[in-house]
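Chemist:
Chains as they are written, first to last, in this note's numbering: chain P, 5 to 118; chain Z, 18 to 131.
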């Protein structure tokens with residue numbers, strides 16, 4: 005079985021400050037790792053993904069995440085947040101074989117304070 | 018427009034009523050799934066399908082039925098609504114080959130059971 009833990013349910017941060025959203029996972033088999041973002045009253049959008057290769061992955065809007073196999077973590081970081089980054093962020097995993105099912109963490113609500 | 022279409026966007030049901038949440042995609046995706054989103058619990062998989070005529074249960078299937086008679090459509094049926102089914106429901110689809118990162122989510126259905 006696999007599980008995803010997001011330790012922080014809410015993270016307030018001032019505009020232009022750095023932020024880290026933590027994600028740990030547990031799985032007995034290899035997984036793909038994802039971060040999804042949900043803006044208010046919208047569906048989910050893929051922010052970034054780790055499939056293989058370089059353990060550091062980046063998104064087009066300045067977020068990055070690093071896959072750490074030994075710590076089974078996939079933390080999301082941004083060096084300087086903007087008001088528009090206010091949203092809920094979900095870490096998720098899927099198995100590398102079989103159906104495409106995504107397993108989500110409980111989410112972290114990021115609030116950027118002006 | 019290509020994507021996942023969910024109807025209705027909002028629905029209020031009385032306890033014991035039945036209804037069907039509709040989901041349609043026009044991307045020829047083999048995989049379709051239903052999730053429910055509850056505060057503090059993230060998204061949980063209800064049912065999924067890897068092709069027409071093939072469905073399977075996810076993490077929280079009780080109280081819900083699905084069928085997949087065509088590639089495009091994946092309706093979710095609530096047989097006898099209960100207040101515990103008050104939630105936001107998301108449908109998602111992807112190609113089976115994308116291993117969980119090619120998801121397209123619908124915009125959601127907000128269901129209230131009174």
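Just so it is clear, CB atoms sit at the ideal spot from N, CA and C, and this is done for glycine as well.
What residue from Z:93, Z:129 and Z:121 has the CA that sits closest to residue 102 (chain Z)'s CA?
Modeler: Translated into positions along the second chain, residue 102 (chain Z) becomes position 85. Among Z:93, Z:129 and Z:121, the Cα nearest to that of residue 102 (chain Z) is on Z:129.
Chemist: Could you work out which residues of chain Z lie near residue 63 (chain P), taking near to mean beta carbons separated by less than 8 Å?
Modeler: Numbered from 1 along the first chain, position 59 holds the residue referred to as residue 63 (chain P). What residue 63 (chain P) touches in chain Z: nothing, since even the nearest Cβ is about 13 Å away.
Chemist: Can you name, in chain order, every residue of its own chain whose Cβ lies under 6 Å from the Cβ of residue 110 (chain P), other than the five neighbours on each side?
Modeler: Taking the first chain and counting its residues from 1, one reaches residue 110 (chain P) at position 106. Cβ within range, chain order: 10.
Chemist: Check residue 102 (chain Z) in the structure and name its three-state DSSP category.
Modeler: Counting from 1 along the second chain, the entry for residue 102 (chain Z) is found at position 85. Correct three-state label for residue 102 (chain Z): helix.
Chemist: Look at residue 107 (chain Z) and residue 49 (chain Z) and say whether their C-beta atoms are less than 8 Å apart.
Modeler: As a first step, residue 107 (chain Z) must be located in the second chain, where it is residue number 90. As a first step, residue 49 (chain Z) must be located in the second chain, where it is residue number 32. Result no, Cβ atoms of residue 107 (chain Z) and residue 49 (chain Z) do not sit closer than 8 Å.
Chemist: Per DSSP, what kind of secondary structure is residue 113 (chain Z) in: helix, strand or coil?
Modeler: Translated into positions along the second chain, residue 113 (chain Z) becomes position 96. Residue state, collapsed to three classes: helix.
Chemist: Provide the residue span of the beta strand (DSSP E) that contains residue 35 (chain P), from first to last.
Modeler: As a working mapping, residue 35 (chain P) is identified with position 31 in the first chain. Run containing residue 35 (chain P): 35-42, per the beta strand (DSSP E) assignment.
Chemist: What residue ranges within the region 23-93 of chain P form continuous beta strand (DSSP E) runs of no fewer than 3 residues, ordered along the chain?
Modeler: Runs of the beta strand (DSSP E) inside the region 23-93 of chain P: 23-25, 28-30, 35-42, 48-54, 60-62, 68-72 and 77-82.
Chemist: Count the other C-beta atoms from every protein chain shown that fall within 10 angstroms of the C-beta of residue 125 (chain Z), then say buried if there are 16 or more, exposed otherwise.
Modeler: Position 108 of the second chain, counted from the start, is the residue given in the question as residue 125 (chain Z). Buried is the call here.
Chemist: Indicate whether residue 46 (chain P) and residue 113 (chain P) have their beta-carbon atoms separated by less than 8 Å.
Modeler: For the purposes of this step, residue 46 (chain P) is taken as the residue at position 42 of the first chain. For the purposes of this step, residue 113 (chain P) is taken as the residue at position 109 of the first chain. Their beta carbons are not under 8 Å apart, which means residue 46 (chain P) does not touch residue 113 (chain P) by this criterion.
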